[in-house]
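Protein chains: 2
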Amino acid sequence: MRSNGPRLLPAREAYRVRQAFTTLLPLAGCRDGRLRAVVADVLDHPGSLARAQLAYGLGVRRGLPAERALKLAVAVEYFHSASLIFDDMPSMDDAAERRGRPCPHVAHGEAAATLGALGLITRAYALLWEAIDRGPLPRRSAAAALVDECLGIAGILDGQARDVHFHRAGTSLQEAAEVAMAKTVPLIRLALVLPALVAGVGPEALNRLERLAEAWGLAYQILDDFKDRLLASEESGKTAGRDAGLGRPNLPDLAGPRPAFDRLEDLLSETRRLLAALAADGGAESWAPLDRLQGFLEAEVQDVAGRLAEREAA
Amino acid sequence: MRSNGPRLLPAREAYRVRQAFTTLLPLAGCRDGRLRAVVADVLDHPGSLARAQLAYGLGVRRGLPAERALKLAVAVEYFHSASLIFDDMPSMDDAAERRGRPCPHVAHGEAAATLGALGLITRAYALLWEAIDRGPLPRRSAAAALVDECLGIAGILDGQARDVHFHRAGTSLQEAAEVAMAKTVPLIRLALVLPALVAGVGPEALNRLERLAEAWGLAYQILDDFKDRLLASEESGKTAGRDAGLGRPNLPDLAGPRPAFDRLEDLLSETRRLLAALAADGGAESWAPLDRLQGFLEAEVQDVAGRLAEREAA
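Just so you know, the sequences run in chain order A and B. Under my numbering, read the first sequence as residues 39 to 352, first letter to last. Under my numbering, read the second sequence as residues 39 to 352, first letter to last.
Listed below in structure tokens is the structure:
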């Protein structure tokens, strides 16, 4: 597996997304040095910005003005950055590093990390609001409801809670897959469905994007679980082998590596079909960033296949 | 000091606010037992709902439809509830109880408490959105900007960060008062200015409400600091004497009880003048909940005066 994330956009657009990520949360007015340091650290080390690239690329290709697409995209990514800060806290995954750097709670203390994550969330809502606010009322309401569903206690928060508390609740494969989806799908859904919704994409394509988010979400989590098992921490950029130590669900462990790998391939066949249907419907070019993500995931799956074969041969 | 909060509304309206607080965050769809328990605990023990009473009372009296005023009011109170959960965490005030009950992180673990607080915030934004979304665009934008300013890293998060990190930064009285305002004013401002803004109140009255929020915010914090010093924990409902142990700013300690008390009286004279100006401007009845809060705070100040006199005589 490559340690870098996917490049889903042409260089010029990717640069624009990166610039927006770094500048759309003004630090002026924040007097506390540690709080500012947490937020500055996040803004200066954006990671792959996969969700923002998807949201921006999809939004502008479906007719959203660039400024609004950028705000949506950066908002989704700020939510994601905040969720990583919380996930890494001692009360959750108790991770020491992420993306090859010390986690904010390690570098600046838990209080500043908590408040910094909340600052990202606050700003994300402000940006969402600005991006959505220009559309007609029914579309604004649908967008707000989607955000509530994805980010609330029936969405990502429930997924994260079930993940953290998993070892107490049993270890059925079905439940592990459900938890994996509950914690991973909401932000992918937000990155795919929200810009499409705000841009006025029709119900049939929206439905396909919903299914795409679910399948990619589970595939992404299975890949992540393989990484947790197969990679040393220098290569993955985060603390490796944590699932076992924490009693967290790990799908290749629960299902066995081969069945988990087969499930991964099935999921990517399904997403290939969904992408083909979207292309037939709405013009191939307007879904190009999605095709690139599919290509990236397929390459990652090939990489896992190679490592699995090595293991089985050893 | 009375341990119960202020009654700012007639019984029927107060009941309505309480009902809305309890029901506007649906638990359906949340599968994790601990996360649900945190949120249910908050919803079942609303506290005084002072901010929600203010926001609702002001909103409906300035012409906002009751449903929208309720959503605004409950949103402000969910933000407040979330801020209390975070403030009580081990990395911040490390409090064991609040309102006479174990804090969520003590009862259900830090992970569930964190996720529950985030659930309150997510739902608060959804409610704000629904309440604000019906107005004209410039008013919607002004409301969103106010929320961002109050809740972001230049608002309450900065205040809380400076409070937590205070003992490292020195102890000037001026800075202590600034920190007190930075952590207390934003939610009072949201409770007063946001409903007025959404209801279309004019700039002069909005400006008076801004100044009212600042003066009440500081007064409220000085009262709270007096409570921390003068009350046992059974009476205040939260862990008493914490400021000293944590090295947090405490204004009566820094300025001396008498000068702090004088400042308190000055602040309440100022708010009395602001309320009189509002009444002359917009009709006394439409500001009635504000007058009740003023009366409540004046009674609390009398109570502090009595206790101070007892101490000085002893």
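The beta-carbon is built from N, C-alpha and C at its ideal position, and this holds for glycine as well. All of these numbers come straight from a predicted model, not from anything done at the bench.
Taking all protein chains in view, the Cβ of LEU175 of chain B is surrounded by fewer than 16 other Cβ atoms within 10 Å, so the residue is classified as exposed. Around the beta carbon of ARG296 of chain A, fewer than 16 other beta carbons lie within 10 angstroms, which makes this residue exposed. Under the three-pair Cβ rule at 8 Å, the stretch 235 to 243 of chain B counts as touching the stretch 87 to 100 of chain B. Under a criterion of Cβ atoms nearer than 7 Å, no residue of chain A is adjacent to GLN212 of chain B; the nearest Cβ is some 13 Å distant. Across the stretch 134 to 152 of chain A, CB contacts with chain B closer than 9 Å involve HIS143, GLY147, GLU148, ALA149, ALA150, ALA151 and THR152, in sequence order along the chain. The C-beta of TYR163 of chain B comes closer than 8 Å to at least one C-beta of chain A. Going by beta carbons, ALA257 of chain A and ARG227 of chain A fall outside the 8 Å limit. Within the same chain, and ignoring the five residues on either side of PRO140 of chain B in sequence, the residues whose Cβ sits closer than 7 Å to its Cβ are ALA134. In chain order, ALA155, LEU158 and ILE159 place their CB closer than 6 Å to the CB of ALA120 of chain B, counting only its own chain and leaving out the 5 sequence neighbours on each side. Within its own chain, the residues whose Cβ lies closer than 8 Å to the Cβ of LYS221 of chain A, once the five positions on either side in sequence are excluded, are ILE194, GLY197, GLN198, ARG200, ASP201 and GLN259, listed in chain order. GLY193 of chain B: not part of any alpha helix (DSSP H); DSSP gives it neither H nor E. Burial state of TYR116 of chain B is buried, judged by a 10 Å Cβ sphere holding 16 or more other Cβ atoms. Looking at B:ALA183, B:ARG161, B:LEU47 and B:ASP266, the one whose alpha-carbon comes closest to that of LEU81 of chain B is B:ARG161. Counted as a single uninterrupted DSSP element, the stretch harbouring MET127 of chain B is not any alpha helix (DSSP H), since DSSP gives it neither H nor E. In this structure the stretch 56 to 63 of chain B does not touch the stretch 324 to 339 of chain A; the number of beta carbon pairs closer than 8 Å is below three. Exclusion of the five residues before and after ASP125 of chain B leaves ASP131, ALA133 and GLN198 as the residues of its chain whose Cβ lies within less than 8 Å of its Cβ. In this structure, the beta-carbon distance from LEU302 of chain A to LEU261 of chain A falls below 8 Å.
For the 8 Å CB-CB criterion, VAL231 of chain A and GLU248 of chain A form a contact.
Any Cβ of chain A closer than 8 Å to the Cβ of MET130 of chain B would place that residue at the interface, and such an atom is present.
For THR209 of chain B, there is no enclosing alpha helix (DSSP H), as DSSP marks it with neither H nor E.
The alpha-carbon separation between GLY85 of chain B and ASP300 of chain A amounts to approximately 53 Å.
Per the C-alpha coordinates, the member of B:VAL339, B:ARG178, B:GLU308 and B:ASP70 positioned closest to PHE204 of chain A is B:ASP70.
Assignment of PRO140 of chain B by DSSP, reduced to helix, strand and coil, places it in the strand class. In terms of beta-carbon proximity, PHE59 of chain B stays away from the interface with chain A, with every pair separated by 8 Å or more. In this structure, LEU153 of chain A keeps its C-beta atom at 8 Å or more from the C-beta atom of LEU284 of chain A.
Nearest neighbour of ALA214 of chain A by Cα position, chosen from A:LEU292, A:GLU348, A:ALA253 and A:PRO48, turns out to be A:LEU292. Rounded to the nearest whole angstrom, the CA to CA distance from GLN91 of chain B to LEU331 of chain B is 10 Å. At least one CB atom of chain B sits nearer than 8 Å to the CB of ILE191 of chain A. Cβ atoms of VAL76 of chain A and PRO128 of chain A stay farther apart than 8 Å, at about 16 Å. At a Cβ-Cβ threshold of 8 Å, LEU110 of chain B and ALA93 of chain B count as neighbours. In this structure, GLY138 of chain A sits away from ALA88 of chain A, with a CB-CB distance that is not shorter than 8 Å. Beta-bridge partners of GLU135 of chain A (DSSP): A:PRO140. Counting only the Cα atoms, GLU148 of chain B lies some 12 Å from GLU148 of chain A. For GLY97 of chain B, the enclosing alpha helix (DSSP H) stretches over residues 88 to 99. At least one CB atom of chain B sits nearer than 8 Å to the CB of HIS203 of chain A. In the structure shown, the three-state DSSP call for ALA155 of chain B is helix.
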